[in-house]
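Each residue of the sequence shown is one higher than the last, beginning at 3 in the numbering used here.
Don't be surprised by glycine CBs; every beta carbon is placed ideally from N, CA and C.
Presented below is the structure to which this report refers.
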Amino acid sequence: MECYFGYEKEYLKNINGLNTAREIYQQPELWSQTLDIMKANKKDLDQYLAQIIEKEGLRVIFTGAGTSAYVGESVVPTLRKNNNISIEAIATTDIVAKPLQYLKKEIPTLLISCARSGNSPESVAAVEIAEKVIDEFYHIVITCNSDGELAKRSRLKDNEYLLLMPKLSNDKGFAMTGSFSCMLLASMMIFEKNMEDVERQVQEVSSIGKGICEDNYRNLDEMMDKKVEKVVYLGAGGYLGLARESCLKLLELTGGNLATLYETPLGFRHGPKSIVDDNTIVFSYISGDDYSRNYEIDLLRELSGDEGNKFVVAISQDKDDNLESFADRVIDLGIQKNSIKEGYDMLAYILYAQIFALKQSINRGFGPDNPCPSGEVNRVVQGVTIHEFDVK
Numbered sequence: 003m004e005c006y007f008g009y010e011k012e013y014l015k016n017i018n019g020l021n022t023a024r025e026i027y028q029q030p031e032l033w034s035q036t037l038d039i040m041k042a043n044k045k046d047l048d049q050y051l052a053q054i055i056e057k058e059g060l061r062v063i064f065t066g067a068g069t070s071a072y073v074g075e076s077v078v079p080t081l082r083k084n085n086n087i088s089i090e091a092i093a094t095t096d097i098v099a100k101p102l103q104y105l106k107k108e109i110p111t112l113l114i115s116c117a118r119s120g121n122s123p124e125s126v127a128a129v130e131i132a133e134k135v136i137d138e139f140y141h142i143v144i145t146c147n148s149d150g151e152l153a154k155r156s157r158l159k160d161n162e163y164l165l166l167m168p169k170l171s172n173d174k175g176f177a178m179t180g181s182f183s184c185m186l187l188a189s190m191m192i193f194e195k196n197m198e199d200v201e202r203q204v205q206e207v208s209s210i211g212k213g214i215c216e217d218n219y220r221n222l223d224e225m226m227d228k229k230v231e232k233v234v235y236l237g238a239g240g241y242l243g244l245a246r247e248s249c250l251k252l253l254e255l256t257g258g259n260l261a262t263l264y265e266t267p268l269g270f271r272h273g274p275k276s277i278v279d280d281n282t283i284v285f286s287y288i289s290g291d292d293y294s295r296n297y298e299i300d301l302l303r304e305l306s307g308d309e310g311n312k313f314v315v316a317i318s319q320d321k322d323d324n325l326e327s328f329a330d331r332v333i334d335l336g337i338q339k340n341s342i343k344e345g346y347d348m349l350a351y352i353l354y355a356q357i358f359a360l361k362q363s364i365n366r367g368f369g370p371d372n373p374c375p376s377g378e379v380n381r382v383v384q385g386v387t388i389h390e391f392d393v394k
């Protein structure tokens with residue numbers, strides 16, 4: 003009998019959850035396909051970047067809306083650390099609403115658009131506005147839909163480069179799952195120079211991901227029995243973007259019926275910690291570098307000493323006695339610390355967040371494939387009027 007995360011296929015089909023479950027489950031295979039796509043594009047992509055990368059004052063902006071924006075938020079801190087260029091993450095929804103606060107006419111700019119469908123009104127408008135505002139404009143499109151507007155327009159532009167993700171990454175379900183992780187992986191690889199090392203990273207994280215989907219997801223089962231009203235995700239650097247995406251998955255798949263919050267471990271003390279009560283689960287994404295980990299462990303220690311029955315979960319690459327001492331549950335990837343580079347480990351981490359959201363959705367009686375059947379929120383955003391922008 004075909005099963006996903008402990009649910010039989012027919013059961014998932016009956017509750018309108020089969021697409022989402024299957025799309026979470028198939029991601030490790032899609033990562034291998036994404037690797038092949040990036041390897042096949044490597045020579046042409048490098049040639050495209052060669053004409054841009056040495057531009058004086060070059061600005062690289064990752065953009066997208068919702069989950070697609072969180073791709074950039076997740077990868078930019080690591081890319082900025084590893085590359086001697088200015089790299090930022092700015093959502094299309096910010097660019098469209100306040101173009102001149104984010105775009106600079108005289109600064110050469112490479113916009114990297116991440117988009118599942120490529121049809122969101124802001125996704126297209128952000129590019130059109132950027133073309134109007136910026137004198138020297140370049141564009142890379144990372145999308146899961148070959149028939150979307152971004153893909154179509156990119157094929158007609160000499161100054162653009164199109165990266166199409168695996169066909170099955172264009173999720174049928176309401177929430178972005180495989181689309182997020184494939185675009186995240188492609189984004190991490192755009193500026194990579196050592197493809198052999200990247201291939202090893204992807205192969206290892208794909209193997210770990212398969213283990214999570216086939217059996218290790220059971221690490222979450224004990225949390226399904228708890229009365230949960232609030233969920234917090236914590237992360238520093240790129241893990242903050244991952245925490246934000248983790249919150250959104252839970253919010254989407256439970257129809258907004260679970261309160262969620264994302265923060266940094268240090269920022270959490272400054273007011274947001276007030277959310278914690280006996281019905282709260284706190285997930286903390288643990289860094290590989292010891293300096294950052296010190297602060298993350300300090301917060302776990304503080305939470306363990308606080309009164310109440312909140313449940314604290316640390317998610318890490320490796321086993322760590324300090325984590326075991328201060329967290330109620332430690333979920334590790336079963337590898338040595340930094341065996342997988344920061345950024346690539348997010349592929350495995352997000353699986354746990356997606357599976358947790360799926361199970362909470364099912365437990366609360368929602369159909370994960372369409373948790374908002376009344377239509378207030380849609381798979382591709384609707385009802386947005388794009389107003390004409392004139393450069394003055």
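Bounding residues of the beta strand (DSSP E) (the contiguous stretch that carries residue i)
| i | result |
| --- | --- |
| residue 231 | From DSSP, residue 231 is part of no beta strand (DSSP E); its letter is neither H nor E. |
| residue 65 | 61 to 65 |
| residue 316 | 313 to 318 |
| residue 287 | 282 to 287 |
| residue 334 | 331 to 334 |
| residue 140 | 139 to 145 |
Cβ neighbours of residue i in the same chain (closer than 7 Å, five flanking residues each side left out)
| i | result |
| --- | --- |
| residue 273 | none |
| residue 6 | 14, 23, 24, 27 |
| residue 59 | 109, 110 |
| residue 372 | 18, 176 |
Sequence-distant residues of the same chain with beta carbon closer than 6 Å to residue i, five excluded per side
| i | result |
| --- | --- |
| residue 207 | 342, 346, 349, 350 |
| residue 390 | none |
| residue 299 | 324 |
| residue 126 | 151 |
| residue 180 | 25, 29, 32, 171, 173 |
| residue 264 | 235, 245, 246, 249 |
| residue 80 | 240, 344, 345 |
| residue 159 | none |
| residue 8 | none |
Nearest neighbour of residue i, chosen from the options [CA to CA]
| i | options | result |
| --- | --- | --- |
| residue 340 | 186, 295, 249 | 295 |
| residue 103 | 228, 136, 326 | 136 |
| residue 258 | 279, 242, 233 | 233 |
| residue 49 | 283, 388, 195 | 195 |
| residue 72 | 314, 118, 98, 54 | 118 |
| residue 98 | 315, 279, 67 | 67 |
| residue 260 | 56, 214, 281 | 281 |
| residue 75 | 116, 52, 45 | 116 |
| residue 178 | 367, 254, 105, 95 | 254 |
| residue 56 | 87, 45, 82 | 87 |
Limits of the alpha helix (DSSP H) - the one that residue i falls within
| i | result |
| --- | --- |
| residue 133 | 123 to 135 |
| residue 27 | 20 to 27 |
| residue 358 | 348 to 365 |
| residue 270 | 267 to 270 |
| residue 166 | First-last for residue 166: 162 to 166, but that is the beta strand (DSSP E), not the alpha helix (DSSP H). |
| residue 112 | Run containing residue 112: none in the alpha helix (DSSP H); it sits in the beta strand (DSSP E), 111 to 117. |
| residue 395 | In this structure the chain extends from 3 to 394, so residue 395 is not present and cannot be described. |
| residue 296 | 292 to 307 |
Cβ neighbours of residue i in the same chain (closer than 8 Å, five flanking residues each side left out)
| i | result |
| --- | --- |
| residue 392 | none |
query: Given 8 Å as the limit, is there contact between the segment 185 to 204 and the segment 31 to 49, that is, 3 or more CB pairs closer than that?
result: yes
message: If contact is defined by three or more beta carbon pairs under 8 Å, each pair taking one atom from either stretch, is the segment 233 to 240 in contact with the segment 280 to 290?
response: yes
- prompt: Between the segment 120 to 138 and the segment 200 to 210, do three or more beta carbon pairs fall short of 8 Å?
  reply: Not touching, per the Cβ criterion.
message: So, does the segment 158 to 169 touch the segment 131 to 143, judging by three or more C-beta pairs under 8 Å?
response: The segment 158 to 169 is in contact with the segment 131 to 143.
query: Taking contact to mean at least 3 C-beta pairs separated by less than 8 Å, is the segment 53 to 72 in contact with the segment 206 to 223?
result: no
field: the segment 175 to 188 contacting the segment 240 to 255, beta-carbon criterion three pairs below 8 Å
entry: yes
message: Can you confirm whether the segment 215 to 223 touches the segment 355 to 373 when touching is taken to mean that 3 or more C-beta pairs between the two stretches lie within less than 8 Å?
response: yes
query: Which full runs of the beta strand (DSSP E) of 3+ residues lie inside the segment 152 to 207, going along the chain?
result: Runs found: 162 to 166.
- prompt: Which ranges would you report for the beta strand (DSSP E) in the segment 76 to 102 if only whole runs of at least 3 residues count?
  reply: 88 to 91
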